[in-house]
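Undergrad: Dumping the structure here so I can ask a few things about it.
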Amino acid sequence: MKAKANKKELSIIINEMKKPSPKITYIKKILKQYRIADINLNSKYYHGKTLLHYAIEYNLNCLIQPFIQSGCNPNICDDNYLSPLHLAVIKKNAKAIKILIKNGADINITGEFEQTPLHLATTYGNLKFMKLLIHNNADIMQVDEKNLSVLDYANDEKDLKIIDYLNKKRNTQKGEEKC
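Residue 124 in my numbering sits at position 40 of the sequence shown, with consecutive numbering throughout.
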């Protein structure tokens with residue numbers, strides 16, 4: 085069983101990530117030492133954030149894959165019920181979204197109010213991210229805790245481009261189900 089990382093161990097990596105010019109090689113070296121010591125890298129830090137949350141927060145995309153390969157779970161939510169994928173959508177970080185999806189992030193993970201990353205992309209009116217998520221099998225029919233779909237969100241925002249796109253996608257999916 086992996087030893088739980090204490091805040092001091094995590095803070096070494098996190099404090100380096102917070103620097104204006106973090107030393108990526110140094111972080112990877114520490115990461116390797118923690119992996120050898122069998123330390124659980126999924127331990128939560130301030131506000132329940134994991135190392136992956138901090139990598140996305142500080143736009144350190146080059147650390148996302150090494151963290152996951154070292155055992156960081158891409159599907160852990162912080163105290164605000166945000167997974168790393170939710171956070172990448174909020175931060176408008178397409179590269180992080182792609183890396184997370186490629187490395188096993190749950191595309192339909194629910195966070196606060198049972199919202200998926202697709203719900204957030206719709207709320208922010210980000211059609212590019214919506215297309216990316218849907219292309220990677222995000223469920224456009226999934227509803228939040230109020231039983232609202234992403235189409236309902238788009239209608240609330242009165243975003244005609246997104247409404248049109250979602251209607252086309254929904255009709256395509258319905259057509260596929262009939263075959």
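Here a beta-carbon is modelled for each residue, glycine too, at the ideal position from N, C-alpha and C.
Taking L216 as the reference, which of K102, I152, K179, L125 has the closest Cα?
TA: Within the sequence shown, numbered from 1, the residue matching residue 216 stands at position 132. When only C-alpha atoms are compared, the closest one is K179.
Undergrad: Taking the runs of the beta strand (DSSP E) that are 3 residues or longer, which of them lie wholly in the region 165 to 246?
TA: Counting whole runs of 3 or more residues, the region 165 to 246 contains no beta strand (DSSP E) stretch at all.
Undergrad: Among T256, D122, K116, K242, which residue has its Cα nearest to the Cα of N218?
TA: The residue given as residue 218 occupies position 134 in the sequence shown. It is Ile, not Asn, that sits at residue 218 in the sequence shown. The residue with the shortest Cα to Cα distance from I218 is T256.
Undergrad: For the candidate residues Y142, S154, Y118, L166, whose alpha-carbon lies nearest to that of H131?
TA: As a working note, residue 131 is residue 47 in the sequence shown. Nearest C-alpha to H131: L166.
Undergrad: In three-state terms, what does DSSP make of N255?
TA: Counting from one through the sequence shown, the residue named residue 255 turns up at place 171. Looking at N255 - three-state DSSP - the assignment turns out to be helix.
Undergrad: I want to check one thing, is the minimum distance from the CB of S105 to the heavy atoms of the ligand NAD below 8 Å?
TA: Absence of the ligand NAD from the depicted structure is noted, as is the absence of any ligand whatsoever, leaving it without description.
Undergrad: Look at the alpha carbon of I246 and the alpha carbon of T206, and state the distance between them as a whole number of angstroms.
TA: Taking the sequence shown and counting its residues from 1, one reaches residue 246 at position 162. Taking the sequence shown and counting its residues from 1, one reaches residue 206 at position 122. If I take the Cα positions, the gap works out to 8 Å.
Undergrad: Please list the segments of the alpha helix (DSSP H) lying wholly inside the region 106 to 167, counting only runs of 4 or more residues, in order along the chain.
TA: Whole alpha helix (DSSP H) segments, 4+ residues: 108 to 120, 135 to 141, 145 to 153.
Undergrad: CB-CB under 7 Å to N220, same chain, minus the five flanking residues each way: which ones, in chain order?
TA: Indexing the sequence shown from 1 puts residue 220 at position 136. So the qualifying residues of the chain are I185, I191.
Undergrad: Pairing CB atoms from the region 132 to 141 with CB atoms from the region 116 to 124, are three or more of them under 8 Å?
TA: No, because fewer than three Cβ pairs between the region 132 to 141 and the region 116 to 124 fall closer than 8 Å, the two stretches do not touch.
Undergrad: With 16 other CB atoms within 10 Å as the buried threshold, where does P168 fall?
TA: Taking the first residue of the sequence shown as position 1, residue 168 is located at position 84. Looking at its Cβ environment, which holds 16 or more other Cβ atoms inside 10 Å, P168 is buried.
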